[in-house]
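J.:
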Amino acid sequence: MLETAPASALAAKYYLDPAIAELERTEIFSRSWQLVAHESDLPRAGARIVAPIAGREVLVVRAEDGSLKGHLNVCRHRGSRLVIDAQPDGKAIRCPYHGWTYKLDGSLVGAPEGRLIPCLDKPKLGLYPVRVESFLGFIFANLDEHATPLHEQVPGLAELAGRYLGPDLVPVGKDRIYHTAGETQKANWKVVVDNYLEGYHVPVAHPGLMRLLDYQRYSAEIHDSYVFFEAPMRPEPSGNRLERLYQWVTSPMPGLSEADSRVWRYAVIYPNTLIDLYPDHVLAWSVTPQGVAQSGLPGAFYTKPGASRRTKLAQHLNIKIGWITNDEDAELVARVQQGMSTPGWSPGPLSRREAAVGWFADRIRKDVGQ
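Our numbering numbers the first residue of the sequence shown as 11 and each following residue consecutively.
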């Protein structure tokens with residue numbers, strides 16, 4: 011644990027004020043790397059996905075040479091939305107309104123009856139570019155053309171988490187990160203992230219986790235742009251049947267060691283990417299603002315190819331346990347959102363077990379400038 015006192019928590023206005031929410035859109039979400047997909051979502055040239063970022067839609071495609079290209083999902087002609095979620099793969103991007111057609115790299119190659127369009131300068135009318143980067147198999151997009159590459163922002167994270175991740179991961183179930191529909195929680199996005207950043211509430215709010223995890227060895231490793239958590243499992247069998255069965259069948263995915271089967275790990279990449287690293291599966295998700303008092307939680311489950319039947323059973327049980335914890339957290343964050351709107355409330359001092367909450371608060375204060 012850290013010996014110094016953690017930074018102070020955020021004041022209530024950061025969770026309640028629409029003006030601050032707008033500052034976050036321009037100063038945080040328009041300038042940070044946002045999780046949008048996994049490489050398995052773009053398996054071949056011409057594959058494409060669309061994801062919302064900071065009030066815009068980003069179109070990510072797999073180019074002919076296998077690279078990833080990002081564009082704003084808007085035609086340069088009359089502003090039509092180019093791609094919808096269900097649009098199939100193709101060798102080009104064609105606007106459904108007037109047929110303007112773009113290569114996968116975004117360059118304009120065709121406009122019907124172009125001779126009737128004065129000043130049609132195709133080289134200047136390519137799609138608006140968006141930076142994209144694949145990090146450990148996950149695809150991130152950034153609206154800021156000057157942003158530091160993600161892999162440079164998170165030094166050391168590849169060594170800590172790389173054996174769990176990679177482009178070879180395969181999805182479990184039908185959920186995909188880029189889907190706009192999905193779970194919502196009735197709290198400001200920062201309340202949800204705050205909750206994820208600390209285990210101080212586990213003994214009170216998560217009886218199942220207390221039966222499974224060694225709370226005294228729950229640790230957080232704080233870096234400039236990310237936090238990495240380790241939560242070792244208890245050796246004693248749980249008194250809960252579901253949890254006890256999970257403990258008994260726990261088996262690591264290919265690429266992990268037996269030691270990895272006895273610890274759960276978590277990573278938070280600032281500002282809102284969350285990655286759960288379990289012995290049997292990975293959950294990658296983000297927390298996106300939907301107004302001041304509601305958050306979307308798009309995400310998906312993954313596993314390594316070639317996992318044993320025992321690992322798949324452990325995965326199934328672990329996901330069920332995870333949904334129980336998730337429901338408990340959803341109630342907790344809703345209570346916080348309601349409570350902090352009480353006139354005159356201000357946050358109390360943080361525990362050293364909440365040091366990552368203080369780290370997050372400092373980053374928010376710095377970026378928003380309030």
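Idealized CB from N, CA, C, for every residue including glycine. All values derive from a computational prediction rather than experimental measurement.
Count the other CB atoms, across all protein chains shown, that sit within 10 Å of the CB of leucine 12; report buried if there are 16 or more and exposed otherwise.
T.: Here leucine 12 scores only 43 on pLDDT, less than 50, and its place in the model should not be relied on; the value that follows carries that caveat. Result: exposed.
J.: Ignoring anything shorter than 4 residues, give me the alpha helix (DSSP H) runs that lie fully in the segment 147 to 186, in order along the chain.
T.: 160 to 163 and 167 to 171
J.: Using 8 Å as the Cβ pair cut-off and three pairs as the minimum, do the segment 46 to 57 and the segment 175 to 184 touch?
T.: yes
J.: Can you list, in chain order, the residues of its chain with a C-beta nearer than 7 Å to that of leucine 252? Leave out the 5 residues immediately preceding and following it.
T.: Leu327, Lys330 and Ile331
J.: Counting pairs of Cβ atoms below 8 Å between the segment 74 to 81 and the segment 113 to 131, do you hit three or more?
T.: yes
J.: Checking 9 Å against the spacing of the C-beta atoms, do aspartate 1 and arginine 54 come in under that value?
T.: No answer is possible for residue 1: the residues shown for the chain start at 11 and end at 380.
J.: Below 8 Å on the Cβ atoms is my contact criterion, and I expect glycine 192 with proline 308 to pass it. Report the Cβ-Cβ distance as a whole number of Å.
T.: About 5 Å; that satisfies the 8 Å criterion.
J.: Should proline 122 and histidine 108 be called a contact, given that it needs their Cβ atoms to be closer than 9 Å?
T.: yes
J.: Looking at phenylalanine 39 and proline 262, is the spacing between their C-beta atoms short of 9 Å?
T.: no
J.: Return the CA-CA distance between alanine 340 and glutamate 143, expressed in angstroms with no decimal places.
T.: 31 Å
J.: Judging by CA-CA distance, which residue of Gln195, Asp234, Arg227 and Leu287 is the nearest neighbour of lysine 376?
T.: Asp234
J.: Give the straight-line distance between the Cα atoms of arginine 66 and tyrosine 188, rounded to the nearest whole angstrom.
T.: 13 Å
J.: Is the number of C-beta pairs between the segment 152 to 166 and the segment 83 to 95 that are closer than 8 Å three or more?
T.: no
J.: Quick one: give me the first and last residue of the alpha helix (DSSP H) that glutamine 257 is part of.
T.: 251 to 259
J.: Got a sec? Which residues, its chain only, sit under 7 Å from alanine 366 by beta carbon, not counting five neighbours each side?
T.: Leu207, Glu208, Ala230, Ile232 and Val237
J.: In whole angstroms, what is the alpha-carbon distance linking isoleucine 30 and threonine 260?
T.: 44 Å
J.: Determine the burial state of valine 60: buried for a count of at least 16 other Cβ atoms within 10 Å of its Cβ, exposed for fewer.
T.: buried
J.: Would you mind working out which of Leu26, Glu268, Leu255 and Ile285 sits nearest glutamine 304, comparing C-alpha positions?
T.: Answer by Cα proximity: Leu26.
J.: Looking at lysine 134: is its Cβ nearer than 9 Å to the Cβ of valine 119?
T.: no
J.: If you reduce the DSSP assignment to three classes, tell me which class glutamine 300 lands in.
T.: coil
J.: Could you name the residues of the same chain whose beta carbon sits closer than 7 Å to that of proline 273, not counting the 5 residues immediately before and after it, in chain order?
T.: Note on identity: in this sequence residue 273 is valine, with proline being the wrong assignment. Hits under 7 Å: Glu240, Ala241, Pro242 and Met243.
J.: May I ask you to check if the CB of aspartate 75 is nearer than 8 Å to at least one heavy atom of the ligand ATP?
T.: As presented, the structure is devoid of all ligands, the ligand ATP included, so that no description of it is given.
J.: Would arginine 275 be called buried (16 or more neighbouring beta carbons within 10 Å of its own) or exposed?
T.: buried
J.: Give the single residue among Arg254, Gln44, Gly301 and Gly358 whose Cα lies nearest to the Cα of alanine 15.
T.: Gly358
J.: How far does the beta strand (DSSP E) with tryptophan 274 in it reach, from first residue to last?
T.: 273 to 279
J.: What separation, rounded to the nearest whole angstrom, lies between the Cα atoms of aspartate 158 and lysine 23?
T.: Reading off the sequence, residue 158 comes out as threonine, not aspartate. Between threonine 158 and lysine 23, the C-alpha separation is close to 29 Å.
J.: What is the rounded straight-line gap between the Cα of leucine 219 and the Cα of aspartate 337?
T.: 13 Å
J.: Could you work out which residue in Thr321, Ser248 and Phe370 is closest to glutamate 268 when comparing CA atoms only?
T.: Considering only Thr321, Ser248 and Phe370, the residue with the shortest C-alpha distance to glutamate 268 is Thr321.
J.: Do you know how far the Cα of serine 296 is from the Cα of asparagine 250?
T.: 30 Å
J.: Can you check whether the C-beta of leucine 153 is within less than 9 Å of a C-beta belonging to chain B?
T.: In the structure shown, chain B does not exist; there is a single protein chain.
J.: For leucine 223, list the residues DSSP reports as bridge partners.
T.: Met243
J.: Between which two residues does the beta strand (DSSP E) containing leucine 33 stretch?
T.: Run containing leucine 33: none in the beta strand (DSSP E); it sits in the alpha helix (DSSP H), 28 to 34.
J.: In whole angstroms, what is the alpha-carbon distance linking tryptophan 355 and glycine 379?
T.: Each residue's alpha carbon lies about 21 Å from the other.
J.: Can you check DSSP and say which residues form a bridge with tyrosine 236?
T.: Ile279
J.: Where are the alpha helix (DSSP H) runs, 4 residues long or more, that stay fully inside the segment 50 to 83, in chain order?
T.: none
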